[in-house]
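The structure appears right after this line, and notes come after that.
There are 2 protein chains.
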Amino acid sequence: MKTYAEAMDALGDPTRRRIFDRLAEGPASVGALADGMPVSRPAVSQHLRVLKDAGLVSDRQVGTRRVYAVDPAGVVALREYWDRFWSRAMDGFRVAAEEHASSRESGMQIKESSDGEGS
Amino acid sequence: MKTYAEAMDALGDPTRRRIFDRLAEGPASVGALADGMPVSRPAVSQHLRVLKDAGLVSDRQVGTRRVYAVDPAGVVALREYWDRFWSRAMDGFRVAAEEHASSRESGMQIKESSDGEGS
DNA sequence: CCTCTGCGTAAGTCTTCACTTACCGTAAGC
DNA sequence: GCTTACGGTAAGTGAAGACTTACGCAGAGG
Chain Y
3 MKTYAEAMDA LGDPTRRRIF DRLAEGPASV GALADGMPVS RPAVSQHLRV LKDAGLVSDR
63 QVGTRRVYAV DPAGVVALRE YWDRFWSRAM DGFRVAAEEH ASSRESGMQI KESSDGEGS
Chain H
3 MKTYAEAMDA LGDPTRRRIF DRLAEGPASV GALADGMPVS RPAVSQHLRV LKDAGLVSDR
63 QVGTRRVYAV DPAGVVALRE YWDRFWSRAM DGFRVAAEEH ASSRESGMQI KESSDGEGS
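Laid out in structure tokens, this is it:
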């Protein structure tokens, strides 16, 4: 299974996010992607390779051109990961709020600066 | 605005993802986070700073300790960005499929290659 | 007072990686 | 056959950043 980690690493780069953003609006060839980008065409090629290895895009050959498009499978996997993460993060936040309240309640040594009470 | 880009960059690092994952299960102090991590405590501090600048975590002082927790605001912003991205990506995929079909129809040469994984 | 704990910060090192130019293979057109 | 588009790959370079150790500062407690 393509790890979500690879996808997150891939989208951690601004240029790759820009390329992926562009592909999200429709498939495009490498040259078309390189136009309107501040980097060279080989750079775009290398970024596309990373995105492809991460399972985020796929490519097909059309004549002499190579057309790239978003790979729905990778996007779905990433979205599922993010959904799990989302719920866990919300749980964690709830735990944080409860711990904050209970520790205050039980008289633990929490001298929150000189702020005193958090309203 | 700029938050989601910063958040994506922040989560592009494996160590920061690990820290954020840990915080998603509940708040923790810097020392507690550093324990069970393969990196030193200052490294964790620096990662926490990046996560905090990205709006993904918040901190409060408890005595001599500093307790970090996920910041729901940042998580919400990132999720909204992802939702928009998700729908755009799906649109792009539909466009790709349609273009693919039409080009096949017109008898063009097409060679597919996504990620070679036979069964 | 002094000490000890907990954490942030400074300074430096070293690895990663984004980008470049140059080159080579492949598909279409003459 | 040759030539011209298009794009992947190799090799090299420079900068970003992840990590370390050493140090400084604030709070809790004897």
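Listed in order, the protein sequences are those of chains Y and H. Going letter by letter, the first sequence gives residues 3 to 121 in the working numbering. Going letter by letter, the second sequence gives residues 3 to 121 in the working numbering. C-beta atoms are modelled at their ideal positions from N, C-alpha and C, and glycine is treated no differently.
Check, Outcome
"Coarse secondary structure for residue 29 (chain Y), derived from DSSP in three states", "coil"
"Neighbourhood of residue 122 (chain H) by C-beta distance below 6 Å, restricted to the same chain and skipping five residues each side", "A query on residue 122 (chain H) cannot be resolved here, the shown segment of chain H reaching from 3 to 121 and no further."
"Closest Cα partner of residue 67 (chain Y) within the set Y:5, Y:34 and Y:11", "Y:34"
"7 Å Cβ shell around residue 73 (chain Y) - same chain, five flanking residues per side excluded", "57, 58, 59 and 60"
"Where the beta strand (DSSP E) containing residue 72 (chain Y) begins and where it ends", "67-72"
"Length of the line joining the Cα atoms of residue 24 (chain Y) and residue 27 (chain H)", "35 Å"
"Contact set between residue 11 (chain H) and chain Y, taken where Cβ atoms lie within less than 7 Å", "14"
"Residues near residue 32 (chain H) in its chain [Cβ-Cβ closer than 8 Å; skip 5 each side]", "43, 46, 47, 50, 67, 68 and 70"
"Which of helix, strand or coil DSSP assigns to residue 41 (chain H)", "coil"
"Where the alpha helix (DSSP H) containing residue 5 (chain H) begins and where it ends", "5-12"
"Span separating the alpha-carbon of residue 41 (chain H) from that of residue 41 (chain Y)", "34 Å"
"Member of Y:87, Y:86 and Y:81 whose CA lies at the smallest distance from the CA of residue 85 (chain H)", "Y:81"
"Residue 15 (chain Y) (DSSP reduced to helix, strand or coil)", "coil"
"Buried versus exposed call for residue 76 (chain Y) [16 or more other C-beta atoms within 10 Å across all chains shown]", "buried"
"Own chain partners of residue 8 (chain H) with C-beta closer than 6 Å, once the 5 adjacent residues on each side are dropped", "56"
"Rounded separation between residue 11 (chain Y) and residue 52 (chain H) - CA only", "16 Å"
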